[in-house]
Amino acid sequence: MTTGSEPAERPRQRVLPAPTWESEAFWKGGFDGQLLIHSCRRCGRFFHPPAAACWRCRSTDVGPRPASGLAVVAAVSVNEHQWHPGFEPPYAVAIVELDDEPDVRLTTNIVGCAPGDVRIGMSVTVCFEDWDDVSIPVFRPLEEGRR
Amino acid sequence: MSPLGGKAVITGIGQSETGRRLGRSGQSLTVEACLRAIVDAGLEPDDIDGIATYPGALSPSPGFSGAGSMQLHDALGLRTRWHMGSAETAGQLGPVMSACLAAATGAADHVVCFRSVWESTAQSGGDRASAISRGPSRAGGFLEWVAPYGAMSAATWVALLCSRYMHEHRLTREQLAQIALTCRRHAAGNPAAVYREPLSLDDYLAARMISTPLCLYDCDVPCDGAVAVIVSRADAARGLRRDPLTVEAFGHGVSERHTWDQRRDLTTMGAHDAAAAMWAQTSLTPADVDVAELYDGFSYITLQWIEALGFCAHGQAGSYVEGGHRIALEGELPLNTQGGQLSGGRLHGLGFLHEACTQLWGEGGERQALRDVDVAVAAAGGGPIAGCLLVSRRQGRRRRARAHAPK
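Protein chains in written order, with our numbering: chain A, 551 to 697; chain B, 278 to 684.
This is the structure in structure tokens:
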């Protein structure tokens with residue numbers, strides 16, 4: 551499905567998150583192919599990380615809602631140092647801004663292309679890596695004409 | 278104006294033996310630094326009635342904390358009226374601000390503030406990466422959002438923000454290098470610094486990348502060492518060994534979300550909030566600052582502090598440090614005169630205040646700034662973590678000169 555010179559391999563191991571009451575939907579939505587981001591039912595806007603209240607309008611009527619999964623790379627670093635025995639460098643860590651709400655950002659990996667090919671401003675789309683009881687949202691470059 | 282009202286002063290400083298793999302415990306380094314600071318102030322341990330420290334006894338990784346407040350209390354048989362130890366404050370200088378408030382309100386007369394690390398020894402069974410990955414098998418707290426992506430070090434979090442700044446503001450690696458090169462030049466004059474041999478721009482550009490755009494020399498060096506500062510109530514400081522230094526203002530503000538990746542402008546940091554809060558407390562301005570001791574856990578953070586504190590406009594930090602002349606000992610803003618943490622060693626924050634005091638007392642020796650030093654700023658923390666202090670010699674030459682200057 552992906553294009554690019556050297557698709558990044560799934561790492562042998564990731565440090566998995568410990569989902570909380572607030573974050574569980576984010577880490578499980580991928581099992582249904584959904585990027586679930588918390589949003590506010592009063593002001594209608596997404597926010598992240600998930601919390602018990604909307605930081606914008608202070609409403610506590612909040613909960614997870616599917617986002618489009620489309621995003622733009624706002625910052626990128628090719629990590630070249632090995633921090634974890636199961637996660638071989640190099641790999642691209644990025645901050646992406648959701649198309650649905652550009653001031654909502656996720657720190658993530660860009661996969662499906664050479665890490666050095668990731669550029670700020672690049673359009674990306676979500677995909678998921680399933681690990682045990684969590685499904686980790688990562689992003690890959692959006693194919694031409696798919697936006 | 279400052280809530281301190283000139284009632285909190287610094288009366289002594291101390292630093293333990295500092296270096297790589299000293300093979301000493303964190304508590305031993307802590308006691309050494311604190312006793313030196315107490316002697317430096319002309320006090321006795323029995324005079325100390327307050328303790329303030331970061332981050333407290335709990336250590337998230339090996340060697341990150343050398344001792345908690347009560348370990349020092351017990352080791353020295355202190356009797357205190359006030360103490361605190363926490364990481365939930367304005368970065369590594371936050372406890373000093375708490376101590377200033379305690380002194381200014383009379384809750385304590387003489388507070389020993391300390392920060393001690395022994396990461397180099399505690400992690401000597403393996404490298405730093407092994408120490409980080411030795412954590413719990415599942416990531417919680419803030420790490421929940423980054424560790425699954427292989428971003429388990431602040432090196433990567435800072436690298437991301439630096440990449441954005443380079444993209445928006447045309448910062449170059451050659452400009453960024455000036456922080457590491459300046460620190461190394463200044464470390465040559467500091468006998469306690471870890472790395473003192475010359476470092477060239479070619480060395481910098483040839484170094485291995487850690488997380489682009491940050492290379493090895495953009496990252497500070499773990500070490501063993503402790504730093505202590507005595508904060509006193511001004512009235513209790515009369516007649517002590519040293520001229521007391523006045524804490525003019527402190528920056529403890531957080532005016533945006535406390536996260537690494539949700540700040541409205543990714544090319545600013547918590548430093549901007551803390552610096553704004555500090556300047557709001559004083560009539561002094563950036564033009565009054567004679568030396569700047571600004572956190573360099575990673576070089577890019579120092580650039581952030583330079584612009585956050587108003588030494589240049591937003592986005593101009595790269596051109597401000599270009600060539601390194603402004604930030605040299607003979608420049609208009611001598612920077613990290615002890616070599617920072619990049620070359621001096623990762624004393625983690627309080628070392629910058631120690632050096633600011635050294636410069637204000639004119640005791641920098643080979644690394645003393647060439648201009649008269651009457652006002653110094655010390656800052657610590659990166660990303661959302663930030664705190665800064667403005668310290669002065671109120672009876673300094675500058676003010677006398679001003680008073681006598683023709684109108």
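Using N, Cα and C, we set each Cβ at its ideal position, and we do this for glycine too.
For F419(B), the secondary structure class from DSSP, reduced to helix, strand or coil, is helix. Take Q455(B), set aside five residues on each side of it, and the residues of its chain with a beta-carbon closer than 8 Å to its own are V598, E599, G600, G601 and I604, in chain order.
Three or more Cβ pairs drawn from the stretch 523 to 542 of chain B and the stretch 650 to 669 of chain B lie within less than 8 Å of each other, which places the two stretches in contact.
In this structure, the alpha-carbon of P332(B) lies about 30 Å from that of F637(A). A check of alpha carbon separations from T610(A) across A621(A), A617(A) and C590(A) identifies C590(A) as the nearest. Under a 10 Å Cβ-count criterion, P567(A) is classified as buried, with 16 or more other Cβ atoms of the shown protein chains found around its own Cβ. Taking 3 residues as the shortest admissible run, the stretch 486 to 572 of chain B contains the following complete beta strand (DSSP E) segments, listed from N- to C-terminal end: 486 to 488, 501 to 510, 522 to 528 and 568 to 571. In the DSSP annotation of this structure, the continuous segment of the beta strand (DSSP E) that includes P614(A) starts and ends at V612 to A617. Among the residues of the stretch 411 to 428 of chain B, those with a Cβ less than 7 Å away from any Cβ of chain A are R415, A416, G417, E421, W422, V423, A424, P425, Y426, G427 and A428, in the order of the chain. Leaving aside the five residues that flank E445(B) on each side, the residues in its chain whose CB is nearer than 8 Å to its CB run, in chain order, T544 and G592. As the crow flies, the alpha-carbon of I686(A) is around 8 Å from that of P425(B).
Non-local beta-carbon contacts of T658(A) in its own chain, meaning distances under 7 Å to residues more than five positions away in sequence, involve A644, V646, P687, V688 and F689 in chain order.
Contact residues of the stretch 651 to 677 of chain A toward chain B are D653, R655, T657, T658, N659 and I670 (C-beta to C-beta distance below 7 Å).
C-alpha of D351(B) to C-alpha of G282(B): approximately 33 Å in a straight line. For P372(B), the uninterrupted alpha helix (DSSP H) run begins and ends at G371 to T382, by DSSP. Residues of chain B whose Cβ lies closer than 9 Å to the Cβ of S685(A) do not exist, since the nearest Cβ in that chain is about 11 Å away. Nearest Cα to V389(B) within the set G362(B), A367(B), Q400(B) and S397(B): G362(B). Excluding five sequence positions before and after Y577(B), the CB atoms of its chain that fall closer than 6 Å to its own CB belong to V435 and C439, given in chain order. 8 Å or more divides the Cβ of R441(B) from the Cβ of L627(B).
In the assembly as shown, A603(A) is an exposed residue. Its beta-carbon has fewer than 16 other beta-carbons within 10 Å. Distance from the CA atom of R608(A) to the CA atom of A551(B), rounded to whole angstroms, is 24 Å. D573(B) places its beta carbon less than 8 Å from that of L619(B). Scanning its chain for C-beta atoms nearer than 7 Å, with the 5 sequence neighbours on each side dropped, one finds around R541(B) the residues E533, in chain order. According to the DSSP assignment, E647(A) belongs to the beta strand (DSSP E) that extends over Y641 to L648. At a beta-carbon threshold of 7 Å, none of the residues of chain B lie near I587(A); the nearest stands roughly 12 Å away.
Residue pairing by DSSP places D680(A) opposite S685(A) in a beta bridge. In the same chain as R655(A), and ignoring 5 residues on each side of it, the C-beta atoms closer than 6 Å to its own belong to I645 and E647, in chain order. DSSP assignment within the stretch 601 to 684 of chain B yields the following whole alpha helix (DSSP H) runs of 4 residues or more, N-terminal first: 617 to 621, 627 to 637 and 674 to 681.
Within the stretch 536 to 560 of chain B, contact with chain A at the beta-carbon level (separation under 7 Å) is assigned to D538, Q539, R541 and L543. For A575(A), the uninterrupted alpha helix (DSSP H) segment begins and ends at E574 to K578. Proximity of V628(A) to chain B, defined by a Cβ-Cβ separation below 8 Å, is satisfied. Looking only at G641(B), G642(B) and A380(B), the smallest Cα-Cα distance to S509(B) is reached by A380(B).
If you draw a straight line from the Cα of W605(A) to the Cα of F597(A), it comes to about 8 Å. Its chain contains A329, V388, C390 and V508 as the residues whose beta carbon lies nearer than 6 Å to that of A376(B), once the 5 sequence neighbours on both sides are disregarded; these appear in chain order. The residues T398, in chain order, have a CB closer than 7 Å to that of G300(B) in the same chain once the five nearest residues on each side in sequence are set aside.
The beta carbons of N467(B) and G368(B) sit no closer together than 8 Å.
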